[in-house]
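Offset between the sequence shown (1-based) and the numbering used here: plus 76. Worksheet for the structure shown next.
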Amino acid sequence: MFAKIGNLLEERFTYKRWLKEDVFEHKVPNKLNFTYCFGGITFLMFLLLVATGVIMLFYYVPTVDHAFSSVEYITFDLPAGVYVRGIHHWCANGIIVFTALHMLRVVVYGAYKNPREFHWITGVVLLGVVMGFDFTGYLLPWDQKAYWATKVGVLMPKGMPFIGEHVTAVLMGGTNIGALTLSRFFALHVAVLPLVTAVFLLGHFLMIRKTGVAKPL
77 MFAKIGNLLE
87 ERFTYKRWLK
97 EDVFEHKVPN
107 KLNFTYCFGG
117 ITFLMFLLLV
127 ATGVIMLFYY
137 VPTVDHAFSS
147 VEYITFDLPA
157 GVYVRGIHHW
167 CANGIIVFTA
177 LHMLRVVVYG
187 AYKNPREFHW
197 ITGVVLLGVV
207 MGFDFTGYLL
217 PWDQKAYWAT
227 KVGVLMPKGM
237 PFIGEHVTAV
247 LMGGTNIGAL
257 TLSRFFALHV
267 AVLPLVTAVF
277 LLGHFLMIRK
287 TGVAKPL
């Protein structure tokens, strides 16, 4: 049965040829070093964040009355929940480090130059998105540390001329952090930012496939 399904998919999409030519036999420059792994490690952490985030999404309740207790349930009562949340937590920290290392490698090797300018632009956008993930996700446990740290963060734009107060008001959903703030951060964290990430990651990967990997120095 599986052979028939595979043959049908191959007949419709010719995926075997694509895997052979564009994945397994794709040419890369000689003498690549370990720094070229930073981008792949970053993407692996993103996949782990997606997987663990989806698991927690089944149990997390984004309301001021139940957010903290639902996180406690995931951590202490859900089977293997402490590991799921732990992986999510450490990957959320690690992805910032490896994104920065990946971009540092690009700068050192001059991989942002022609014809790879848009690789760099999409990478900068993705760095901003990663930081947005960390910022919006920090509030979701709804404990004292998350509340006051987020309050400091949302008040920072208030110092900007003309639009600062409006940005802070939009983020908070009012004059204080509350139910609307939690709801907006949750929506950004699980809907808006993943969509933006998918779009820019697809563009990033397609451009890399088109121009190839920059050669080492």
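Glycine included, C-beta positions come from ideal geometry on N, C-alpha and C. Here the structure is a predicted model, which means the values were calculated and not measured.
Taken atom to atom, the span from the alpha-carbon of Arg-181 to that of Thr-111 is near 7 Å.
With contact defined as three or more Cβ pairs closer than 8 Å, the stretch 149–161 and the stretch 128–135 are in contact. Note on the stretch 124–179: whole alpha helix (DSSP H) runs with a minimum of 4 residues are 143–148, in chain order. No residue range can be given for Leu-216, since it is assigned to no alpha helix (DSSP H) and is classified by DSSP as neither H nor E. Going by C-alpha positions, Thr-151 is about 40 Å away from Leu-95. Inter-segment contact for the stretch 278–286 and the stretch 222–231 is absent: fewer than three beta-carbon pairs are separated by less than 8 Å. In this structure, the beta-carbon distance from Val-140 to Ser-146 does not fall below 8 Å.
Spanning the alpha carbons of Tyr-214 and Tyr-91 requires a straight line of approximately 40 Å. By the C-beta density criterion, Leu-271 is exposed, having fewer than 16 other C-beta atoms within 10 angstroms. By the criterion of a C-beta distance shorter than 6 Å, Ala-168 is surrounded in its chain by Asp-210, once the five residues flanking it on both sides are discounted.
Phe-262 is positioned such that its CB atom lies closer than 8 Å to that of Leu-216. Taking 8 Å as the upper bound for CB-CB distance, Leu-293 and Tyr-185 are in contact here, some 6 Å apart.
Within 10 angstroms of the beta-carbon of Ile-81 lie fewer than 16 other beta-carbons, which makes it exposed. In this model, Phe-194 and Leu-269 are separated by some 20 Å (Cα to Cα). For Leu-125, same chain residues with a beta-carbon under 8 Å away, outside a window of 5 residues either side, are His-164, Cys-167, Ala-168, Ile-171 and Phe-209 in chain order.
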